[in-house]
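Have a look at the structure below, then the notes.
4 protein chains.
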Amino acid sequence: MKKRSRFLQVPIEPFTVDPEVKADELLEKMERISFQGRSLGVAHRVWQKMLADDVTIFMGMAGALSAGGLRMVVAYLIEHRYIDCLVSTGANLYHDLHETRGRHHYLGSAHANDAALAEDRIDRVYDTYASEEEFSDNDVWIGDFVTTLDERPYTSREFLNLLGGHLWKTTGQNGILTAAYRAGVPIFCPAIADSSIGMGLSQGRHKKPGSGHIDIIGDIVESANLVIRRPRTASIVLGGGTPKNFINQASVQAEFFSPAVGGHRYALQIVTDVPHFGGASGSTLEEAQSWGKLAADAAQVTVHADATVALPILATALARSSPALAAKRRRPDIDPSQKDMLVDGAPISSDRFEETE
Amino acid sequence: MKKRSRFLQVPIEPFTVDPEVKADELLEKMERISFQGRSLGVAHRVWQKMLADDVTIFMGMAGALSAGGLRMVVAYLIEHRYIDCLVSTGANLYHDLHETRGRHHYLGSAHANDAALAEDRIDRVYDTYASEEEFSDNDVWIGDFVTTLDERPYTSREFLNLLGGHLWKTTGQNGILTAAYRAGVPIFCPAIADSSIGMGLSQGRHKKPGSGHIDIIGDIVESANLVIRRPRTASIVLGGGTPKNFINQASVQAEFFSPAVGGHRYALQIVTDVPHFGGASGSTLEEAQSWGKLAADAAQVTVHADATVALPILATALARSSPALAAKRRRPDIDPSQKDMLVDGAPISSDRFEETE
Amino acid sequence: MKKRSRFLQVPIEPFTVDPEVKADELLEKMERISFQGRSLGVAHRVWQKMLADDVTIFMGMAGALSAGGLRMVVAYLIEHRYIDCLVSTGANLYHDLHETRGRHHYLGSAHANDAALAEDRIDRVYDTYASEEEFSDNDVWIGDFVTTLDERPYTSREFLNLLGGHLWKTTGQNGILTAAYRAGVPIFCPAIADSSIGMGLSQGRHKKPGSGHIDIIGDIVESANLVIRRPRTASIVLGGGTPKNFINQASVQAEFFSPAVGGHRYALQIVTDVPHFGGASGSTLEEAQSWGKLAADAAQVTVHADATVALPILATALARSSPALAAKRRRPDIDPSQKDMLVDGAPISSDRFEETE
Amino acid sequence: MKKRSRFLQVPIEPFTVDPEVKADELLEKMERISFQGRSLGVAHRVWQKMLADDVTIFMGMAGALSAGGLRMVVAYLIEHRYIDCLVSTGANLYHDLHETRGRHHYLGSAHANDAALAEDRIDRVYDTYASEEEFSDNDVWIGDFVTTLDERPYTSREFLNLLGGHLWKTTGQNGILTAAYRAGVPIFCPAIADSSIGMGLSQGRHKKPGSGHIDIIGDIVESANLVIRRPRTASIVLGGGTPKNFINQASVQAEFFSPAVGGHRYALQIVTDVPHFGGASGSTLEEAQSWGKLAADAAQVTVHADATVALPILATALARSSPALAAKRRRPDIDPSQKDMLVDGAPISSDRFEETE
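Protein chains in written order, with the working numbering: chain F, 4 to 360; chain Y, 4 to 360; chain G, 4 to 360; chain E, 4 to 360.
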């Protein structure tokens, strides 16, 4: 009798249509098909493993996800502590603030007449519109808030926590910044200078010379110290960009000072970029292992999909499959509301790396 | 008071996480977000419009969707007549036949050692494996069937209907070919020569000289005549490739002979290719309007996503939202089991275009 | 002293700007940089190796390369025998015929108003226009030619050779079809039914019942027999699609009948598709090894680039670096002008696979 | 007589192979073909227009272009003033510094065994390797330099000019940082915290508390003031990312304070991202017009290609076609070596926006 190849173990199970299935069941079925459908199913599984283990979960977000309608999903993940630390582009925080302040983004068309839009001062993000005038008002609002701060550098983490608090007190509305403020989830924004949040800061300085200093080098030290304190980490990346690298950099930098750090134990990325042009956004998780960004035995998955397709399904599935895991997980106790962030009750520095032995 | 811009009408509604939501509700929520998430929501809406209208629904499928676990989804769409005519690559039909005959594709890894796989005679399709030996057995099986046919040319449509019938009689199993056979849904395969179905045909001819003639020019005439008879059409495209163009070509060719044909009334494509390299797979539905492939006022949507992500969700949503629409729709009455296909009871030629005035 | 890692052998040499450099020198410099720039440099090297070795060079072309301005590059490669056999989509041959007959494609805009174009009966291919009226005239011209042929099936190879001959006699102009006719380079078009060439054939049949039969299963047998006769092969693929698979299929099918066939010795593909959606167009050359499409030790390279960027440079470089190699190479002697194609003087069948032992 | 459509004006001219053609001639021929080949030809034309006009040319670079072998191309563009201001990711400057200090990146394989690389402490960037040990030595070198600076915030522009000067004095080698230092071309790095340059800065602070402060909000003010002073601008973008947005943001922010600013007069981007996922890297130049980032009548072109393919050819072509244009152009006189950057002899602030009327 012919021996079966060791490669032919688990058959593909053709997806069968069941109209009443819920999101988690849908993704469980998709684990047994192929290509990116399978990857999305595996992503659900990997995230559950993160929740079941004792790890600090970083999430990075790049791309116009807040303008694109995903800000309340991220707020949900923060509030229910499916993540412990957010790294974001400035634009996602700005668009979140825009809506938390009661304004909107609008359904638009990718085939718009951009000259006509420009005449009406409408900004287009692919198929989505926003009013420039309302944006300008945000800039003023942020600038005014900046003038109330001390004339000293703030890490982006400290600044964004204060901004979230001010936003919460002013509006009482849920969103990414306010959810993070209330849940004690730190937000880092390493490229804050490249966003309208940065523009608001610059307008604050324009009003009050000496204000609007963001200490992004302090963010590097602080994020590395967070990993040194809590060396078991997981990385979730939406869209690549600076957040993806910043999360990996924290791990690499921490490992320099602490032998206990050995790269992320879990990694999940939802990206549309591809590896073969050499850019960081599209780089594979395999490549990350060469740098020590990812533990060699890490559970990991890349989903090649637009986050606006993948995240609504994935978050809905998690919300059904994993509330108990999320509630009971051993998560780090972080207080990002101080100048020096507290981790498990003790402050961490943004000036010196903590050395261990 | 400031007048609101005409461009700012309908706000984005941030997606909110509801764990108990079902697939159709999920896609309805996604219609109010942005980017490809919105497109997927709109795709659900556009398909419903097709079902509610009096149109013949063509579906094209390219890419390794059968091997990748979507064959029972396509069988479901055929059986419940969410579509009326399938245009497929040969590979999708071959991989369907493979599983209908009781064999499997297997979960594999995209990072496999291909030399080791070759040694075990395992064929890899990205993250999916199949046994070459089992494939060879299919070729023989198809070749044997071919030798039972008359020594005359068959359109791919006629051949595939007979193949589906033989498969059904032999196995009694559901799948694309057998579902189409039982539902009277014709399948065209214009590039049948470029597939293992074609290889099976060539082996039939090897065994019995003069056999294995496929009249793919007859397919052109027949598909155009189908549109001439039933000028209101809709196009659903998974993955581009030859099926996408063949469906459009039927419309363009038909219009040449009948003024009543005016391009598809609805169009929905789920593709991963992009337009800017000029290939047909990635071409936009707007471009299709310049050719008259698509009516100028057609309801249409492109979803830039892997079909293994998009189709399971979309089909599940439709199965919940639209069974009544599908059951009651005015669909064409097609009998693909004859040499000359019957449409609404009357035969159509594969030799001459039907001229109308 | 620290030992150097075995992985750090050959340094990247930063590309330095030299205004007077020619295309082959440019690509030689690019072999020492990274990412797709390096791949393009390596492609030049791999093609040279094909020319230096005793292999039959197949080239596949998909995507709108003829309409897009590359038809005279392909004609050059045929005329100077940088390739031995062409596999093409029908559209590329049709657009070639269009220009060889003295018509044009036109510079257009990707942001055109497609409704306005439709009104003027202008067909758009991304940023390129053509006149529908002139296209219709081609269809009639092809249809008329078809009515002059015998009422028997023709392989696409035989038909396209005759069409090229008729075109050459009528116009005396250079192009893909006429260059192939004159150079004795066979052209296969497995998906001819999915193109305007196919539409012309169908119009021939409409005029003269019984005409317009293309025996694409015969193409499968014939192409495999070509490989059985000449088992050492190389594959060049532009854009994927049916030609990519057909070239590989010939090798796989031939191996079934002849142990001397062991997959392509060289492979070079210029594609824009990616592997992770599972489609054949984007599949890797590594994956091809699992199927035996490619020899395990083959020199191979994938260039992820638009062929309209890569091919003009690559062909110009080859024309400077390799005319002697191309002139002196041991190339197969093929005569595609007969019903049974002659290879090295002896006919090969389109009905039976040649069995060797 | 039939009137010709207004859409059919300029025929495609099929590219003809001429082995002796040089890079500029090659691109001129490519202007008459289609798709991204044409776009690359047009890019050459648009850059020439920038040089002929009185505009300040910004160039952004993202992606691993320095590691990938393009740093000497960028140095050439700086030295010969094909550009006036560079905005870069930190990684590109770090990898430039690495090689200027005499170290290398290495030819590697995209299919490497990353576990084996990790063991040898080799970092992989797709098909390129680097030694972690040598990288660590750079970090120390940067950190030591940081401790020699004053304990005050530096804009990234001031810091990078000082770093370039230190590097020049230490090595006397050409590269991006040293060429910019010598040519008086400012470099902004808004996301410096997300790079190894940032890691070096953080290590400087670790050694000397209070050091390593980068004032990235000052960069926003300063870059906008540069545009206010010199309102006619052009934008060249390689690879998207934060540099793309930062260049546009400078224009948008400047327009807020000065009515003379009206968006870039010219724009050229070489990107691999696509628009339909909504991210900024792939966003179209049309969309940029809705925001006022680009003048409505701007000459602009997007090339969808890997920069390692497109830039070597484009820069070589420019170096041949345009040295006279580059030498004679009316370029801004910038001195980036002071705390307050001098533009045409007068300092500009990083604290207050310059208001004009």
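The beta-carbon is built from N, C-alpha and C at its ideal position, and this holds for glycine as well.
- Task: Would you mind stating whether I195(F) and S139(F) have Cβ atoms separated by less than 8 Å?
- Result: no
- Message: Only counting the same chain, and skipping five residues up and downstream in sequence, which positions put a Cβ closer than 6 Å to that of A133(E)?
- Response: Once the five neighbours on either side are set aside, the close Cβ partners of A133(E) are H108 and D126.
- Message: Can you find the residues in the same chain that come closer than 6 Å, C-beta to C-beta, to R48(F), ignoring five residues on each side of it along the sequence?
- Response: none
- Task: For P14(Y), write down the residues that DSSP places opposite it in a beta bridge.
- Result: Y109(F)
- Touch check for the region 214-227 of chain F and the region 170-184 of chain F: three-plus C-beta pairs under 8 Å? no
- Secondary structure of K211(F), DSSP reduced to three states: DSSP, reduced to helix, strand and coil, places K211(F) outside both helices and strands of the structure shown, so it counts as coil.
- G66(G): contacting residues in chain Y (beta-carbon distance under 9 Å): F280, G281, G282, A283 and S284
- Please compile the residues from chain G whose C-beta is within a distance smaller than 9 Å of the C-beta of P212(Y). D354 and R355
- Message: Tell me the rounded alpha-carbon separation between G242(Y) and Q51(G).
- Response: 35 Å
- Task: On a CA-only basis, which of F280(Y), P193(Y), A310(Y) and D153(Y) is nearest P212(Y)? Give me that one, please.
- Result: D153(Y)
- Task: Please say whether T305(F) and T319(F) have beta carbons closer to each other than 8 Å?
- Result: no
- Item | Rounded straight-line distance, which links the Cα of N248(Y) to that of Y79(G) | 29 Å
- Item | Check whether A313(Y) and I351(Y) have beta carbons under 8 Å apart | Result no, Cβ atoms of A313(Y) and I351(Y) do not sit closer than 8 Å.
- Query: With distances taken between CB atoms, is the gap from C192(Y) to G93(Y) smaller than 8 Å?
  - Reply: For C192(Y) and G93(Y), yes; Cβs fall inside 8 Å.
- Message: So if I threshold CB-CB distances at 9 Å, which residues from the region 39-61 of chain E count as touching chain Y?
- Response: Q39 and S42
- Could you spell out where the beta strand (DSSP E) holding L89(Y) opens and where it closes? C88 to S91
- Closest residue to A253(F) among M62(F), L54(F), M53(F) and A113(F) (Cα-Cα distance): M62(F)
- Message: 8 Å is my cut-off, CB to CB: does V277(E) come that close to chain Y?
- Response: Closer than 8 Å to some Cβ of chain Y, the Cβ of V277(E) qualifies, so yes.
- Item | Classification of N116(F) by the beta-carbon crowding that lies within 10 angstroms, buried from 16 upward | Exposed is the call here.
- Please classify R268(G): is it buried, with 16 or more other beta-carbons within 10 angstroms of its beta-carbon, or exposed? buried
- Item | Inter-stretch contact (C-beta, 8 Å, three-pair minimum) for the region 83-90 of chain G and the region 332-343 of chain G | Yes: the two stretches touch, three or more of their Cβ pairs being nearer than 8 Å.
- Counting contacts by CB-CB distance shorter than 8 Å, is D140(G) in contact with chain Y? no
- Query: Does DSSP put I220(Y) in a helix, a strand or coil?
  - Reply: helix
- Contact list for the region 215-238 of chain E against chain F, Cβ threshold 9 Å: For the region 215-238 of chain E, the residues whose beta carbon sits under 9 Å from a beta carbon of chain F are, in order, G215, H216, I217, D218, I219, I220, G221, D222, I223, V224 and A227.
- Message: For chain F, check one thing: does any of its Cβ atoms lie closer than 8 Å to the Cβ of A263(E)?
- Response: no
- Query: Cα separation between S293(G) and Q341(G)?
  - Reply: 36 Å
- Item | Buried or exposed by the 16-neighbour rule on C-beta atoms within 10 Å, applied to S324(G) | buried
- Item | Test: S37(G) CB closer than 8 Å to a CB of chain F | Interface residue, yes.
- Kindly indicate the opening and closing residues of the beta strand (DSSP E) around M75(E). M75(E): not part of any beta strand (DSSP E); member of the alpha helix (DSSP H) spanning R74 to E82, first to last residue.
- Query: How many angstroms separate the CA atom of M33(E) from the CA atom of A26(E)?
  - Reply: 11 Å
- Task: Taking E137(F) and R106(F) to be in contact with their CB atoms under 8 Å, please state how far apart those CB atoms are, rounded to whole angstroms.
- Result: 5 Å
- Message: For the ligand MG, is there any heavy atom lying closer than 7 Å to the beta carbon of H216(F)?
- Response: The ligand MG is absent from the structure shown, which contains no ligand whatsoever.
- Using the C-alpha atoms, what's the distance from S91(F) back to P246(F)? 6 Å
- Message: Taking 8 Å as the threshold (beta carbon to beta carbon), is H307(G) in contact with chain F?
- Response: yes
- Message: Tell me the rounded alpha-carbon separation between W23(G) and A65(G).
- Response: Here residue 23(G) is Glu; the residue named in the question, Trp, does not match the sequence. Computed Cα separation, rounded: 33 Å.
- How many whole angstroms separate the CB atoms of E289(F) and H209(Y), which I take to be in contact at a CB cut-off of 8 Å? Wrong, their Cβ atoms sit about 44 Å apart, outside the cutoff.
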